[in-house]
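Asks: By the count of full-length UniProt numbering, the sequence shown reaches residue 445 at its end, each step adding exactly one. Just dropping this structure here.
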Amino acid sequence: MTPHDKAVSPSRATSPANLPPETWLMVFRWATWPPPHVKHPAVYRPFIPPSDEAELAEMISPLEMKRTLVLVCKRWRQFSLQLLYEFLILNSPRQVATLANALDENEEYRGYVKSVLLRPLGPMEDMRVHPRDVLEILGRCPNILIIMKPWWLAQPSDDLRGHPASTDHSHTMHEPAHPALFPDFVVKSPVLTRLDWEYSCSMNAAFFHDFVGHSPELRYLYVTCVSQCFPFVLSLDSPVAVPTVTTLRLNVRNPYLFNAIQKWHFPALTHLIVESGPSELSQMQMQALVQAFSSTLKVVELGAHMRFMLTDYLTPILTDCRSLDTLAFYISFVELPDVEKELEAVPWAVKHVRVYIKPNLWSEDTHPGLPVVPMNVLHLARWCTSLTGLEFITLHGDWQAVWTDSHKDLVNARRILKGGGWRIELGDSKRAEFSDACGNISGTF
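If you want it as structure tokens, here you go:
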């Protein structure tokens with residue numbers, strides 16, 4: 001460039017400062033995607049991993065980005081405020097008080113809230129959030145879609161052994177408290193579609209009853225209970241009745257609650273997911289659970305838990321759910337029915353079997369290079385032949401090694417699956433490709 005040449009400045013129209021608001025909103029949205037109310041929908045999806053501690057970091061990371069965006073400039077603050085308030089974490093008295101003031105001073109913020117994480121703190125009382133403060137905030141936000149009170153945020157001292165004797169347990173969100181203690185704080189959630197709740201003495205069972213009783217749009221109910229509380233603490237005398245719930249997901253290790261759920265009433269329930277159960281879970285308990293909802297159940301899914309390897313739970317499910325359409329399970333975490341025994345001549349109604357392949361790190365029966373025991377795949381194929389109404393098999397996870405390995409059990413399994421007359425698809429809706437004994441692709445089904 002010579003001294004006489006003029007520098008060409010970029011057009012003001014192409015400057016980032018002149019981008020339309022819609023573009024900024026799209027950029028901010030993708031920078032903080034996905035929000036919890038999208039990541040945790042109120043509809044059934046097969047083989048969603050169970051809730052665990054890793055979720056907290058995934059939730060906090062986008063929050064940090066949102067807090068940064070609102071501090072850049074007034075314009076960015078205007079664009080990102082709705083994103084900042086769409087997800088609330090109620091985790092300390094000071095934070096809750098600050099949030100309450102913001103909602104008081106800016107009424108429009110209340111409509112931004114879509115999801116809430118209730119995080120109990122302890123063990124000192126002055127560190128805990130008063131239930132009344134939480135209920136006031138929830139009552140001001142009419143557009144909440146999901147409320148989460150997960151088991152992994154409970155404190156070790158939250159069971160009854162860690163608390164001093166007291167006649168009034170209303171001072172913490174995670175101790176027993178009856179709604180009668182707060183007669184003026186009934187929270188109505190007009191659009192709440194999903195509730196994830198640790199139901200135990202440490203997470204206040206009475207508030208659970210209050211939430212589900214005032215949520216006319218509730219469709220997805222995720223109940224956990226990892227505590228071994230006694231029945232009188234769990235408020236089991238009042239069965240839950242929600243006419244709108246279509247999906248019930250359970251990680252209930254407390255035997256008292258597991259048995260009590262059989263008395264709950266969900267007339268619209270179509271999907272039941274059992275992640276885990278009590279340590280002494282019997283066939284009769286599983287049978288009683290599915291029998292309670294058998295008139296409407298269409299899909300039953302068992303989680304990846306060692307407990308389901310100890311006993312055949314699939315047969316009682318099939319026996320008592322004659323209208324069942326789909327059965328889903330993890331092949332390395334389930335005890336398949338014994339096909340060598342003479343089975344009862346009953347035309348099973350199930351039309352669709354979903355099978356997830358996931359390595360079982362605790363299993364002693366392993367095969368080098370394979371994520372599953374070959375005999376289990378052969379057992380699965382033989383068992384499928386006993387399902388007289390079976391039409392579809394969907395395979396989730398990575399089955400590539402299973403389809404190409406020359407192990408004799410896998411070769412026999414592929415032969416049975418290939419000749420079964422079923423439509424076999426992978427989890428991404430692609431047709432499964434089978435190999436012959438030499439590893440050559442021999443068919444697509």
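Glycine included, C-beta positions come from ideal geometry on N, C-alpha and C. None of these values were measured; they are calculated from a predicted model.
Quick one: give me the first and last residue of the alpha helix (DSSP H) that aspartate 196 is part of.
Replies: Where aspartate 196 is concerned, there is no enclosing alpha helix (DSSP H), although the beta strand (DSSP E) it sits in stretches over 194-198.
Asks: In whole angstroms, what is the alpha-carbon distance linking glutamate 105 and threonine 98?
Replies: In a straight line, the C-alpha of glutamate 105 is about 11 Å away from that of threonine 98.
Asks: Just the C-alpha distance for residue 504 and alanine 100, rounded to the nearest angstrom, thanks.
Replies: Beyond the ends of the chain as shown, which are 1 and 445, falls residue 504; an answer cannot be given.
Asks: Once you ignore the five residues that flank histidine 178 on each side, which residues in its own chain have a CB closer than 7 Å to its CB?
Replies: Per-residue confidence for histidine 178 stands at a pLDDT of 44, beneath the threshold of 50, marking its modelled position as unreliable; no derived number is given.
Asks: Leaving aside the five residues before and after lysine 74 along the sequence, list all residues of the same chain whose C-beta is less than 6 Å from its C-beta, in chain order.
Replies: Counting only Cβ-Cβ distances below 6 Å, and skipping sequence neighbours, we find nothing.
Asks: Tell me which same chain residues have a C-beta within less than 6 Å of the C-beta of proline 278, skipping the five on either side of it?
Replies: Excluding residues within five positions, the ones whose Cβ falls inside 6 Å are Arg253, Pro255, Phe258.
Asks: Alpha carbon to alpha carbon, how far is methionine 203 from alanine 292?
Replies: Any reading at methionine 203 is ruled out, since the residue's pLDDT is 48, under 50, leaving its predicted position unreliable.
Asks: Answer with buried or exposed for proline 20, where buried requires no fewer than 16 other C-beta atoms within 10 angstroms of its C-beta.
Replies: Label assigned to proline 20: exposed.
Asks: Quick check: what's the CA-CA separation for serine 115 versus valine 134?
Replies: Approximately 13 Å between the Cα atoms of the pair.
Asks: Assuming tyrosine 356 is part of the alpha helix (DSSP H), what are its boundary residues?
Replies: Per DSSP, tyrosine 356 belongs to no alpha helix (DSSP H); it is in the beta strand (DSSP E), 352-356.
Asks: I'd like the span of the alpha helix (DSSP H) that includes serine 61, first residue to last.
Replies: 54-72 is the extent of the alpha helix (DSSP H) around serine 61.
Asks: If distances are taken between C-alpha atoms only, which option among Val43, His37, Ser80 comes closest to methionine 26?
Replies: Considering only alpha carbons, the answer is Ser80.
Asks: What residue ranges within the segment 347-431 form continuous beta strand (DSSP E) runs of no fewer than 3 residues, ordered along the chain?
Replies: Those beta strand (DSSP E) runs which fall completely within the segment 347-431 and span 3+ residues are 352-356, 392-396, 423-426.
Asks: Alpha carbon to alpha carbon, how far is leucine 63 from leucine 84? Give it in angstroms, no decimals.
Replies: Their Cα atoms are separated by approximately 7 Å.
Asks: Within its chain, find whatever has a CB closer than 8 Å to the CB of histidine 352; leave out the 5 residues flanking it on each side and keep chain order.
Replies: Closer than 8 Å at the Cβ level, and outside the excluded window around histidine 352, lie Asp325, Thr326, Leu327, Leu390, Glu391, Phe392, Ile393, Thr394.
Asks: Count the other C-beta atoms from every protein chain shown that fall within 10 angstroms of the C-beta of methionine 148, then say buried if there are 16 or more, exposed otherwise.
Replies: Buried, since its Cβ has 16 or more Cβ neighbours within 10 Å.
Asks: Who are valine 299's beta bridge partners in DSSP?
Replies: His271, Thr326.
Asks: Does the Cβ of methionine 286 have 16 or more other Cβ atoms within 10 Å, making it buried, or fewer, making it exposed?
Replies: So methionine 286 counts as buried.
Asks: State buried or exposed for aspartate 398, treating a residue as buried only when at least 16 other CB atoms are found within 10 Å of its CB.
Replies: It counts as exposed.
Asks: Please list, in chain order, all residues of the same chain as threonine 224 whose beta carbon is under 6 Å from its beta carbon, the five residues on each side excluded.
Replies: Counting only Cβ-Cβ distances below 6 Å, and skipping sequence neighbours, we find Trp151, Glu198, Asn251.
Asks: Taking threonine 315 as part of the alpha helix (DSSP H), name the residues at either end of that continuous run.
Replies: Looking at the DSSP string, the run of the alpha helix (DSSP H) that includes threonine 315 is 314-320.
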